[in-house]
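For reference, the structure is listed below as structure tokens.
Residue numbers (this note's numbering): 110 to 253.
Right, dumping it as structure tokens:
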């Protein structure tokens, strides 16, 4: 890597962005993407989509965008296809809004975290509703 790139503001000696800067970039991408999806993208497949998280690698090469829809996994394929279809427009708008020398490629991923959390909550509910064994059940009644 050239000495010029190593000494750019916000980059360490290794040429990678500092973690705090990477997080600020990810937060800005998330904020702007939400705005674009709600106000400028007219694809019906993207109605009700939420961006749950954005992670950017330290080289600023890729931005992983995690998405979810309230209807759950049954919309997964449509949502991801809609986002891939809109990717060029979204990236173009982000490039003009977020000032970076090189803008990361967008990778859309389904976030199943809330579905998993819901399933875990259901399991806890089942466990809570089961009657715990009494001491007599554990010791046996001696009728055997």
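Ideal Cβ positions, reconstructed from N, Cα and C, are used throughout, including at glycine.
With respect to the 8 Å criterion, residue 188 and residue 154 are classified as neighbours on the basis of their beta carbons.
At a Cβ-Cβ threshold of 8 Å, residue 218 and residue 173 count as neighbours. In the DSSP secondary-structure assignment, residue 206 is not bridged to any residue. For residue 156, there is no enclosing beta strand (DSSP E), as DSSP gives it neither H nor E. Taking the CA atoms as reference points, residue 157 sits about 33 Å from residue 236.
Relative to the Cα of residue 193, the nearest Cα in the group 239, 230, 216 belongs to 216. The straight-line gap separating the alpha-carbon atoms of residue 203 and residue 138 is approximately 7 Å. Take residue 175, set aside five residues on each side of it, and the residues of its chain with a beta-carbon closer than 6 Å to its own are 161, 162, 218, 220, in chain order.
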